[in-house]
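Asks:
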Amino acid sequence: MKEKFVNNSLAFINKYQECNDVKNMRLKYGLEGIYSLITKVSTVLILSLIFKTLLETILLMFFYAIIRSVSFGFHAKNNISCWIFTIITYIGLPLIIKYYSFSKNIAFILMLIGLFSIILFAPADTPKRPLIRKNERISLKCKSLIIWLIYFLIIYLTNNNLLINITSISILQTSILINPIFYFLNKTPYNNYKKI
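Under our numbering, the final residue of the sequence shown carries the number 656; numbering is consecutive throughout.
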């Protein structure tokens with residue numbers, strides 16, 4: 461199915477625009493990413509409807525995507541691992557969020573862990589996307605800290621259990637995925653920019 465989508469899309473693009481081999485390889489990589497994203501998001505949303513966690517899932521996707529976009533972190537090495545991680549993250553965690561309410565004290569502890577993790581480890585690059593430029597790494601760390609502060613203020617100012625759970629889980633998840641121990645356990649190189 462994926463090959464059919466990618467090949468048909470490439471044929472359509474090449475029909476209207478002349479592409480060399482390098483551009484076709486980049487397009488293929490991008491189209492595979494789009495296909496993967498669409499299938500994973502569709503599957504997660506369907507499962508969240510079945511488990512009655514649609515709101516929790518959408519909010520977790522939103523809040524986690526914001527912090528992930530600047531702190532980066534671990535990526536699964538293959539499609540099967542990515543599927544397992546996606547299901548655990550976006551089906552398992554929303555179930556916890558829905559049926560278990562963190563007290564503000566627990567949320568503050570999770571946020572404190574997140575703060576130290578961001579200060580020490582963000583942004584965490586990957587072998588495929590090393591963060592070579594020092595200015596970029598500093599900028600991403602600052603943005604990560606700003607987002608952390610916004611999430612902290614949400615927890616501090618609200619009594620909404622759903623928002624408290626979502627923001628603290630998003631930060632905890634980020635803390636785990638930027639930690640070099642997690643990279644080590646998954647046999648993935650850390651601080652890839654140092655190797656270039």
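Heads up, the beta-carbon is just placed ideally off N, CA and C, and yes, glycines get one too.
How big is the Cα-Cα spacing for Gly608 and Ile540?
Replies: Looking at the sequence itself, residue 608 is Trp, so the reference to Gly does not match. Those two C-alpha atoms are separated by around 31 Å.
Asks: Using the C-alpha atoms, what's the distance from Ser531 back to Lys564?
Replies: Looking at the two C-alpha atoms, the distance is approximately 24 Å.
Asks: Using 10 angstroms around the beta-carbon of Ser630, count the other beta-carbons present and answer buried if the total reaches 16, otherwise exposed.
Replies: Counting Cβ neighbours within 10 Å, Ser630 comes out buried, since at least 16 surround it.
Asks: Would you kindly check if the distance between the Cβ of Lys500 and the Cβ of Thr546 is under 8 Å?
Replies: In this structure, Lys500 lies closer than 8 Å to Thr546 by Cβ.
Asks: CB-CB under 8 Å to Leu515, same chain, minus the five flanking residues each way: which ones, in chain order?
Replies: Cβ within range, chain order: Leu622.
Asks: Have a look at Ser496, Leu507, Lys588 and flag the residue whose alpha-carbon is nearest the alpha-carbon of Leu553.
Replies: Of Ser496, Leu507, Lys588, the residue nearest in Cα terms is Leu507.
Asks: Counting only the same chain and skipping the five closest in sequence on each side, list residues whose C-beta sits under 7 Å from that of Leu555.
Replies: Excluding residues within five positions, the ones whose Cβ falls inside 7 Å are Phe511, Thr513.
Asks: Return the residue from the list Lys603, Cys542, Lys483, Glu478 that minimises the CA-CA distance to Ser496.
Replies: For Ser496, the nearest C-alpha among the options comes from Cys542.
Asks: Would you tell me roughly how many angstroms separate the C-alpha atoms of Thr586 and Phe522, rounded to the nearest one?
Replies: Cα-Cα distance, rounded: 22 Å.
Asks: Along the alpha helix (DSSP H) that carries Ile547, what are the first and last residues, could you check?
Replies: From DSSP, the alpha helix (DSSP H) with Ile547 extends over 539-547.
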